[in-house]
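Have a look at the structure below, then the notes.
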Amino acid sequence: MFSHVMLGTNDIDRAETFYNAVLGVLGAGTANRNVANTGHVRLFWRHHGNVFCVSQPINDRPASAANGATLGFACESAEQVNALHDVAIKHGATPIEDAPGLRNSSTGAVYLAYFRDPDGNKICAVFRPESA
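In case it helps, the working numbering puts the sequence shown at residues 2 to 133.
In structure tokens form, the structure reads like this:
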């Protein structure tokens, strides 16, 4: 359904360090750095057919977190959720909501961890035990 997800950042170097560490837990490797014709830097991570991007806003206004938006990264186990959350916090994320753990939802049990990245974007690490 999606071709890619892109978030804005106010500090491209900090975002690169942060997401290289966080997405490294998933095996995504390091970012591919691209400079747009406008001179703005964009970072791309490609993993399992998905593309995640972080960019300096091309309108030169400050990046801001979308109110009500959450970006979820699929994990392969509860342990990977915990590892991703721990690495994120170590690299400047802010933990939010409940501690990482199992939750029941209308679609079944999920193991979740929520945090805000250094730019304030709400991120979720999620593992669905029934899909394992």
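Beta carbons are placed, not taken as given, at the ideal position from N, Cα and C, and that holds for glycine.
Contact between residue 123 and residue 64 does not hold, since their C-beta atoms are separated by about 14 Å, which reaches or exceeds 8 Å. About 22 Å separates the beta carbons of residue 87 and residue 10, which is beyond the 8 Å limit, so they are not a contact pair. Distance from the Cα of residue 89 is smallest, within the candidate group 15, 59, 68, for 15.
Taken atom to atom, the span from the alpha-carbon of residue 56 to that of residue 20 is near 12 Å. Here the alpha carbon of residue 104 sits roughly 17 Å from the alpha carbon of residue 96. By the neighbour-count criterion, in which 16 or more other beta carbons inside 10 Å mark a residue as buried, residue 36 falls on the exposed side.
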